[in-house]
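Numbering (UniProt numbering), first residue to last: 1 to 617.
A short worksheet on the structure shown next.
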């Protein structure tokens with residue numbers, strides 16, 4: 001029997017294939033791909049451009065202003081969708097493609113799915129070198145898109161139209177796999193995009209992707225149960241895997257039944273409501289005093305869905321109990337086995353449920369649980385001092401956070417990324433509902449904030465999205481503010497202007513350095529810039545206002561909530577003030593040789609702190 005085929009260009013085959021990919025969430029079948037972000041150029045406009053136009057009613061195409069920004073929006077969309085939905089991004093060859101490499105690294109570090117479709121050079125090589133083509137003097141197969149290889153979970157270059165069949169099948173296996181999830185790059189040779197092939201119709205059949213829930217191995221589960229049963233001071237660290245698994249209820253049931261307390265990573269924050277008695281808040285370098293106190297003394301650390309990066313572990317100096325053991329409950333064995341952990345390779349929800357079932361009526365000692373409650377009460381009293389209203393002319397980041405918190409609703413989503421704000425938010429923000437805290441801190445990418453906020457809003461338009469961003473990040477990437485206005489996706493952007501890179505200036509001084517090249521006043525300059533951020537934001541189509549002090553900020557936040565389009569609120573802040581309670585040491589290497597006494601003193605302190613690190617343990 002002859003196979004039924006349909007003749008399409010390679011680009012048309014991609015577009016049709018993507019429309020057939022579906023997902024099922026809470027019993028509802030919906031498109032897996034929420035759309036395609038596209039900035040067209042000579043390397044994709046004729047091929048992918050024509051193909052996407054043909055499916056525009058079922059697979060919407062969104063036009064952005066910056067390739068990195070649109071990829072950030074796609075990544076944020078996937079994160080806010082718990083990795084159950086995603087987007088694709090297509091660019092021309094050259095700078096359009098390489099602009100997405102940074103975003104690919106963001107997705108790679110954070111284990112988030114995004115399909116990147118950069119245009120590539122001519123497969124037939126007849127017109128080489130084409131516009132924007134780089135040339136290797138020693139390798140004719142290299143193009144700029146090879147830059148994606150180290151930051152892609154799967155990479156392929158499509159030089160023949162039939163190659164897209166196995167490539168897309170492999171791509172989907174990676175994009176939807178809970179363990180291997182991450183960015184996929186299919187570099188599309190521009191002549192191949194336009195070439196036709198007789199594709200089997202079965203290739204375009206609808207496919208529904210559901211979340212694979214890996215169950216724990218019996219032997220690993222038994223070992224983990226035995227370790228927990230013998231623990232006197234157990235402690236849980238929750239990561240993003242809890243949210244991707246939808247394991248918040250399982251986590252709450254687990255800690256309530258067994259009397260455990262929880263510290264949250266940046267990615268895991270909002271796994272429990274802030275007022276849940278077991279939630280001690282942030283853990284690690286930017287952790288609360290309560291969470292870090294228990295982490296330091298814990299004899300068993302149950303790491304659920306976290307990759308245990310250095311901000312979580314205090315550069316491996318936080319867990320101070322000499323006899324402590326780590327249980328790595330993670331869907332990815334690479335993360336579950338870090339630092340000599342006892343692995344429990346499993347989906348977070350299933351793993352917690354089976355752990356609880358096996359533990360039965362076991363509970364942590366009441367003395368340990370009581371200490372956690374007391375520490376939490378003390379921390380909340382401490383934190384309030386930093387977020388309470390003030391009449392200061394230059395409020396701190398923490399005081400701005402307090403104002404935003406007082407004017408937020410439980411369902412709101414706060415979005416942020418690099419700089420000092422993530423540390424303050426991690427310690428101080430009170431997340432009430434799951435996914436209400438959206439921080440990109442795995443790659444700590446400046447410029448993610450506004451584009452990320454747009455992706456979050458597109459994933460769930462019913463929730464108010466509040467983007468908090470510093471002047472440094474805003475200047476790096478702000479163009480998707482115009483996109484949010486264009487698409488009718490309303491954001492409230494709170495822009496904190498401390499006139500430079502205040503966070504790194506503080507770190508510079510903390511490591512003995514002199515203020516140099518971070519705050520604008522400490523740069524090599526002829527004239528200091530006097531930037532009118534409100535006027536700039538207004539020029540991009542947003543509503544914009546510059547406020548003086550916390551009182552005016554709170555009034556502006558109330559007004560922004562009722563606005564119909566994106567609003568930017570600018571406020572001047574103190575570049576030196578930060579929350580000096582809570583937190584933990586972080587390994588930032590200090591020069592071993594210097595002529596400056598401040599650096600010598602910092603090096604001495606650094607060498608003392610290094611002694612607390614547990615290398616390889």
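Backbone N, C-alpha and C fix where the C-beta goes; we use that ideal spot for every residue, glycine too.
Just so it is clear, the structure is predicted and the values come from calculations on it, not from any experiment.
Query: What first and last residue would you give for the alpha helix (DSSP H) that runs through residue 135?; Result: Residue 135 -> no alpha helix (DSSP H), and no H or E assigned at all.
Query: Rounded to the nearest angstrom, what separates residue 198 and residue 165 at their Cα positions?; Result: 11 Å
Query: Using a Cβ-Cβ cutoff of less than 7 Å, which residues in the same chain neighbour residue 207 once the five nearest sequence positions on both sides are dropped?; Result: 20, 21 and 22
Query: Are the region 278 to 291 and the region 211 to 230 touching by the rule of at least three beta carbon pairs closer than 8 Å?; Result: no
Query: Consult DSSP for residue 633 and reduce its assignment to one of helix, strand or coil.; Result: The chain is shown only over 1 to 617; residue 633 falls outside these bounds and no answer can be derived.
Query: Inspect the CB distances between the region 80 to 96 and the region 37 to 57 and report whether three or more fall short of 8 Å.; Result: yes
Query: Report the option in 581, 313 and 495 whose CA atom is closest to the CA atom of residue 533.; Result: 495
Query: Comparing alpha-carbon positions, which option in 63, 266, 593 and 185 lies nearest residue 172?; Result: 185
Query: Between 269, 229, 265 and 271, which lies nearest to residue 259 when the distance is taken from Cα to Cα?; Result: 229
Query: Specify the secondary structure class of residue 316 as computed by DSSP and reduced to three states.; Result: coil
Query: Along the chain, which unbroken stretches of the alpha helix (DSSP H) at least 4 residues long are found entirely within the region 415 to 489?; Result: 421 to 428, 448 to 459, 471 to 476 and 480 to 487
Query: How many whole angstroms separate the CB atoms of residue 472 and residue 442, which I take to be in contact at a CB cut-off of 8 Å?; Result: Residue 472 to residue 442, Cβ: 19 Å. No contact.
Query: Who does residue 344 pair with in a DSSP beta bridge?; Result: 329
Query: Out of 575, 455, 410 and 308, state which residue places its alpha-carbon closest to the alpha-carbon of residue 617.; Result: 308
Query: With residue 559 as the anchor, note down where its alpha helix (DSSP H) starts and where it stops.; Result: 549 to 561
Query: Is it right to say residue 583 is buried, meaning 16 or more other beta carbons lie within 10 angstroms of its own, or is it exposed?; Result: buried
Query: Rounded to whole angstroms, how far is the Cβ of residue 241 from the Cβ of residue 304, which I believe are closer than 8 Å?; Result: 7 Å
Query: Can you tell me whether residue 368 is helix, strand or coil according to DSSP?; Result: helix
Query: Alpha carbon to alpha carbon, how far is residue 585 from residue 541?; Result: 43 Å
Query: For residue 573, count the other beta carbons within 10 Å of its own beta carbon; 16 or more makes it buried, fewer makes it exposed. Which is it?; Result: buried
Query: Does the count of Cβ pairs from the region 394 to 404 and the region 419 to 427 closer than 8 Å reach three?; Result: yes
Query: For residue 62, count neighbouring C-beta atoms within 10 Å of its own C-beta (all shown protein chains included) and say buried if the count is 16 or more, exposed if not.; Result: buried
Query: For a test of the three-state rule: what should DSSP assign to residue 363, helix, strand or coil?; Result: coil
Query: Hey, out of 289, 580, 605 and 5, whose CA is closest to residue 587's CA?; Result: 605
Query: Would residue 99 and residue 133 qualify as a contact pair, given that the criterion is a beta-carbon distance under 7 Å?; Result: no
Query: Which whole-angstrom value is the C-beta distance of residue 298 and residue 234, which I expect to be below 8 Å?; Result: 7 Å
Query: Applying the 10 Å Cβ sphere with the 16-neighbour rule, what's the burial state of residue 608?; Result: exposed
Query: Run through the DSSP bridge pairs and tell me what residue 586 is partnered with.; Result: Its beta-bridge partners do not exist; DSSP assigns none.
Query: Let me see if you follow: with CB-CB separation under 7 Å, is residue 127 close to chain D or not?; Result: Any reference to chain D falls outside this structure, which holds one protein chain only.
Query: Write down the C-beta distance between residue 492 and residue 544 rounded to the nearest angstrom, noting that I regard them as a contact closer than 8 Å.; Result: The pair is not a contact, with the Cβ atoms about 11 Å apart (cut-off 8 Å).
Query: Identify, in the order they occur along the chain, each residue of the same chain with its Cβ nearer than 8 Å to the Cβ of residue 321, setting aside the five sequence neighbours on each side.; Result: 233, 296, 297, 298 and 299
Query: Spell out the partners DSSP gives residue 543 in its beta bridges.; Result: 567
Query: I'd like to check one pair, residue 189 with residue 123: are the Cβ atoms closer than 7 Å?; Result: yes
Query: Out of 144, 86 and 537, point me to the one whose CA is closest to residue 101's CA.; Result: 144
Query: Taking residue 64 as part of the alpha helix (DSSP H), name the residues at either end of that continuous run.; Result: First-last for residue 64: undefined, no H or E at that position.
Query: Going by CA-CA distance only, name the one from 288, 330, 65 and 294 that's closest to residue 324.; Result: 294
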